[in-house]
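Visitor:
Number of protein chains: 2
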Amino acid sequence: MSTTIDVPESSNINKEKTILVAPARPGGWKKGTAIMDFILRLGAIAAAIAAAASMGTSDQTLPFFTQFFQFEASYDSFTTFQFFVISMAIAASYLVLSLPFSIVAIIRPHAPGPRLFLIILDTVFLTLATSSAAAAASIVYLAHNGNQDTNWLAICNQFGDFCAQTSGAVVASFITVVVLILLVVMSALAIGKH
Amino acid sequence: MSTTIDVPESSNINKEKTILVAPARPGGWKKGTAIMDFILRLGAIAAAIAAAASMGTSDQTLPFFTQFFQFEASYDSFTTFQFFVISMAIAASYLVLSLPFSIVAIIRPHAPGPRLFLIILDTVFLTLATSSAAAAASIVYLAHNGNQDTNWLAICNQFGDFCAQTSGAVVASFITVVVLILLVVMSALAIGKH
Chain A
1 MSTTIDVPES
11 SNINKEKTIL
21 VAPARPGGWK
31 KGTAIMDFIL
41 RLGAIAAAIA
51 AAASMGTSDQ
61 TLPFFTQFFQ
71 FEASYDSFTT
81 FQFFVISMAI
91 AASYLVLSLP
101 FSIVAIIRPH
111 APGPRLFLII
121 LDTVFLTLAT
131 SSAAAAASIV
141 YLAHNGNQDT
151 NWLAICNQFG
161 DFCAQTSGAV
171 VASFITVVVL
181 ILLVVMSALA
191 IGKH
Chain R
1 MSTTIDVPES
11 SNINKEKTIL
21 VAPARPGGWK
31 KGTAIMDFIL
41 RLGAIAAAIA
51 AAASMGTSDQ
61 TLPFFTQFFQ
71 FEASYDSFTT
81 FQFFVISMAI
91 AASYLVLSLP
101 FSIVAIIRPH
111 APGPRLFLII
121 LDTVFLTLAT
131 SSAAAAASIV
141 YLAHNGNQDT
151 NWLAICNQFG
161 DFCAQTSGAV
171 VASFITVVVL
181 ILLVVMSALA
191 IGKH
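If you read the protein sequences in the order shown, they are chains A and R.
Numbering follows UniProt numbering, in which position 95 of the first sequence is assigned residue number 95; successive positions increment by one, without gaps.
Numbering follows UniProt numbering, in which position 21 of the second sequence is assigned residue number 21; successive positions increment by one, without gaps.
1) With 16 other CB atoms within 10 Å as the buried threshold, where does R/D122 fall?
2) Beta-carbon of A/D149 versus every beta-carbon of chain R: anything under 8 Å?
3) When the cut-off is 8 Å and only beta carbons count, does R/G43 lie next to chain A?
4) Strictly below 7 Å CB to CB, what residues from chain A border R/W152?
5) With C-beta atoms as the reference, is A/T150 less than 8 Å away from R/A134?
6) For the alpha helix (DSSP H) containing A/S77, name the first residue and the last one.
7) Counting only beta-carbon atoms, is A/Y94 nearer than 8 Å to chain R?
8) Beta-carbon within less than 7 Å of R/F159's beta-carbon, same chain only, minus the 5 sequence neighbours each way: which residues are those?
9) Just how far apart, CA to CA, sit A/F81 and R/G28?
10) Tell me the DSSP bridge mates of A/D59?
11) Please report how far the alpha carbon of A/K30 lies from the alpha carbon of A/P114, in whole angstroms.
12) Which residues in the same chain as R/A47 place their Cβ atom closer than 6 Å to its Cβ, once the five residues preceding and following it in sequence are excluded?
13) Got a sec, what are the start and stop residues for the alpha helix (DSSP H) R/N145 sits in?
14) Please confirm whether A/T61 has its beta-carbon closer than 8 Å to some beta-carbon of chain R.
15) Rounded to the nearest angstrom, how far is the Cβ of R/I119 from that of R/V184, given a contact under 8 Å?
16) At a CB-CB cut-off below 9 Å, which residues of chain A make contact with R/G192?
17) State buried or exposed for A/D161, treating a residue as buried only when at least 16 other CB atoms are found within 10 Å of its CB.
18) Taking 8 Å as the cut-off, decide whether the C-beta atoms of A/S132 and A/S98 are in contact.
19) Rounded to the nearest angstrom, how far is the Cβ of A/A34 from that of A/S102, given a contact under 8 Å?
20) Is the separation between the beta-carbon of R/G192 and that of A/I191 shorter than 8 Å?
21) Assign A/T127 to one of two classes, buried (16 or more other C-beta atoms within 10 Å of its C-beta) or exposed (fewer than that).
22) Just grab the DSSP bridge partners of A/W152 for me.
23) So with Cβ pairs under 8 Å, would you call R/A22 a contact of chain A?
24) In angstroms with no decimal places, state the Cα-to-Cα distance between A/I106 and R/I181.
25) Cutting at 7 Å between CB atoms, please list the residues of its own chain near A/I49, excluding the five before and the five after it.
26) With 8 Å as the C-beta to C-beta threshold (strictly closer), list the residues of the segment 120-136 of chain R near chain A in chain order.
27) Counting only Cβ-Cβ distances shorter than 8 Å, please list the residues of the segment 71-105 of chain R near chain A, keeping chain order.
28) Helix, strand or coil for A/P109, going by three-state DSSP, please let me know.
29) Taking just the CA atoms, how far does A/P100 sit from A/G43?
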C-alpha cells in the first residue's frame, strides 16, 4: 500500500514541476524586456527634459545695439522652437505617467493589456517628438547655413551661444526619438512572441 | 447498447462543433484588420507618391530679372525639401514592397510573423516620413510668414505658385503619417489580442 501511495504522489510532484518550469522561461525573457523598457523610459525622460530645458532657456542678447533696436534671439522668436518646447514637455510628461504601466508590465510580464496600451501611446508620442525634433532641426540648419536663393542669412555668426544651445536641444530630442523607436520595437516583439 | 453508443457520438459532434466555431470568430476579425491594412497601405502609397511628385516638380521662375540675376525658386534651393523628396520616395518604395507581406497577413491571419515584421518596419518608416514632413512644414511656415527677429522675409508674396505646391506636398505627407500611425496601431491590436 505504501508504494502505491508513493507513486501517485511523486507523479503529482513531477507534474507540478513541469508546470512551474515550462512557462518560467518565456516569462523570464518577457520580464527582461519589461525591465529594459523601464530603464529606457527613464533615459527618454532625461533626454526629453534636457531638450525642453535647453531650448526653453536659450536666450542671447548681443552686446551692441542701435538707437531703436537691441539685437536679441530667444526661442520665443521662432514658432517652431515654441512648438518644440511645448511638445517635448508633453512627451516628457507622458513618459513619466507611463512609468506605472511599465512597472505593471514587469510584475505581470504575460498580460498583453499594459504593453498594448504602451505601444499605441508610444507610437503617438513618437510621432509628436519626431515632428518637433525635425522641425527644430530644419530651423537650426537654416540658422547655421542660411539660404542664398531666398536671401535668408545665417545668424549663427552673431548668435553663437543661441545656436549652440538650440543645436544641443535638437540632439537631445533625437535621442528621445531613438529611445522611443526602441521601446515600440521591444513592445512589439514582447507582444508578438508567445 | 444502441443508446450508449449514440451518446458518445453526439457528444463528439458537439465537441467538434465547438472546436470549429470557437477559433473562426477571432480569425474573421483578424482577417478584417489584415484587409483594412492592405487598403490603408494603398492609400498611404498614393499620398506618399503625391507628396514626392508635388514637391519634386515645384519650380517657379519670376517673369522679371535684373542684369545679373533671375529670380527662381525650386525645391533644389532648400536642403530640407531635397530631403523631403528623397525620404517620401523611400517611404513610398517601402510601402509598395510591404504589400506582399500584407497579403500574407490576409491569407494567414493568425501567424504573428508577417505582422511583427510589418509593425517594426512601419515604425521606422513612420519616423522617416514624420521627420521629413515636419521639417518641410517648418520651412513652408517660414516661407509664408517669415521671421522678423532674424530678418528672414516671407517669400510667398513673390513665389505664390511655389508656396502653394510645397504646401500641398506637406499636407499629402501628413496624410501618409496619419495612415502609418493607423497601420501601427492596428497591427499592435491584431498581434496583442488572441
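Beta carbons: idealized from backbone N, C-alpha and C, even for Gly.
All figures in this text were calculated on a predicted structure; none of them were measured in a lab.
Guide: The structure says:
1) Position 122 of the second sequence, counting from 1, holds the residue named residue 122 of chain R. A residue is called buried when at least 16 other Cβ atoms come within 10 angstroms of its Cβ; R/D122 meets this threshold and is buried.
2) Taking the first residue of the first sequence as position 1, residue 149 of chain A is located at position 149. The beta-carbon of A/D149 is placed less than 8 Å from the nearest beta-carbon of chain R.
3) Mapped onto the second sequence, residue 43 of chain R falls at position 43. Residue contact check for R/G43 against chain A: no CB pair falls below 8 Å.
4) Position 152 of the second sequence, counted from the first residue, corresponds to residue 152 of chain R. Contact of R/W152 with chain A by beta-carbon distance below 7 Å involves W152.
5) Numbered from 1 along the first sequence, position 150 holds the residue referred to as residue 150 of chain A. Numbered from 1 along the second sequence, position 134 holds the residue referred to as residue 134 of chain R. Taking 8 Å as the Cβ cut-off, A/T150 and R/A134 do not qualify as a contacting pair.
6) Against the first sequence, residue 77 of chain A aligns to sequence position 77. Judged by DSSP secondary structure, A/S77 falls outside any alpha helix (DSSP H); it is assigned neither H nor E.
7) Working through the first sequence from its first residue, we reach residue 94 of chain A at position 94. Answer no: the Cβ-Cβ gap between A/Y94 and chain R never drops below 8 Å.
8) Numbered from its first residue, the second sequence carries residue 159 of chain R at position 159. Cβ within range, chain order: Q60, A73.
9) For the purposes of this step, residue 81 of chain A is taken as the residue at position 81 of the first sequence. For the purposes of this step, residue 28 of chain R is taken as the residue at position 28 of the second sequence. A direct Cα-Cα distance of roughly 47 Å separates A/F81 from R/G28.
10) Position 59 of the first sequence, counted from the start, is the residue given in the question as residue 59 of chain A. A/S74.
11) The residue labelled residue 30 of chain A in the question sits at position 30 within the first sequence. The residue labelled residue 114 of chain A in the question sits at position 114 within the first sequence. Cα-Cα distance, rounded: 13 Å.
12) One-based indexing of the second sequence puts residue 47 of chain R at position 47. Cβ contact annotation for R/A47 (same chain, cutoff 6 Å, sequence separation greater than five): A172, I175, T176, in chain order.
13) Locating residue 145 of chain R in the second sequence gives position 145, where the first residue counts as 1. According to the DSSP assignment, R/N145 belongs to the alpha helix (DSSP H) that extends over 112-145.
14) The residue given as residue 61 of chain A occupies position 61 in the first sequence. Look at A/T61: its C-beta is not under 8 Å from any C-beta on chain R.
15) Locating residue 119 of chain R in the second sequence gives position 119, counting from the first residue. Locating residue 184 of chain R in the second sequence gives position 184, counting from the first residue. The distance from the Cβ of R/I119 to that of R/V184 is about 6 Å, consistent with a contact at the 8 Å cut-off.
16) For the purposes of this step, residue 192 of chain R is identified with residue 192 of the second sequence, where counting begins at 1. Against R/G192, the close residues of chain A are P112, G113, R115, L116, I119, I191, G192, in the order they occur along the chain (beta-carbon pairs closer than 9 Å).
17) For the purposes of this step, residue 161 of chain A is taken as residue 161 along the first sequence, with counting starting at 1. With fewer than 16 other Cβ atoms within 10 Å, it is exposed.
18) As a position in the first sequence, residue 132 of chain A is number 132, starting the count at 1. As a position in the first sequence, residue 98 of chain A is number 98, starting the count at 1. Not closer than 8 Å, so no.
19) As a working note, residue 34 of chain A is residue 34 in the first sequence. As a working note, residue 102 of chain A is residue 102 in the first sequence. Confirmed, about 7 Å.
20) Locating residue 192 of chain R in the second sequence gives position 192, counting from the first residue. Locating residue 191 of chain A in the first sequence gives position 191, counting from the first residue. Cβ atoms of R/G192 and A/I191: closer than 8 Å.
21) Counted from its first residue, the first sequence places residue 127 of chain A at position 127. A residue is called buried when at least 16 other Cβ atoms come within 10 angstroms of its Cβ; A/T127 meets this threshold and is buried.
22) Along the first sequence, one-based indexing puts residue 152 of chain A at 152. A/W152 is bridged to A/N147.
23) As a first step, residue 22 of chain R must be located in the second sequence, where it is residue number 22. With a pLDDT of 46 at R/A22, under the threshold of 50, the modelled position of that residue is not reliable, and no figure is offered here.
24) Counted from its first residue, the first sequence places residue 106 of chain A at position 106. Counted from its first residue, the second sequence places residue 181 of chain R at position 181. Their Cα atoms are separated by approximately 26 Å.
25) Along the first sequence, read from residue 1 onward, the residue named residue 49 of chain A stands at position 49. Cβ contact annotation for A/I49 (same chain, cutoff 7 Å, sequence separation greater than five): A92, in chain order.
26) The segment 120-136 of chain R vs chain A, Cβ under 8 Å: I120, T123, V124, L126, T127, T130, S131, S132, A133, A134, A135, A136.
27) Within the segment 71-105 of chain R, contact with chain A at the beta-carbon level (separation under 8 Å) is assigned to E72, A73, S77, F78, T79, T80.
28) Within the first sequence, residue 109 of chain A is the residue found at index 109, counting from 1. Reduced to three states, the DSSP call for A/P109 is coil.
29) By one-based count along the first sequence, residue 43 of chain A stands at place 43. By one-based count along the first sequence, residue 100 of chain A stands at place 100. Taking the straight line joining both Cα atoms gives about 16 Å.
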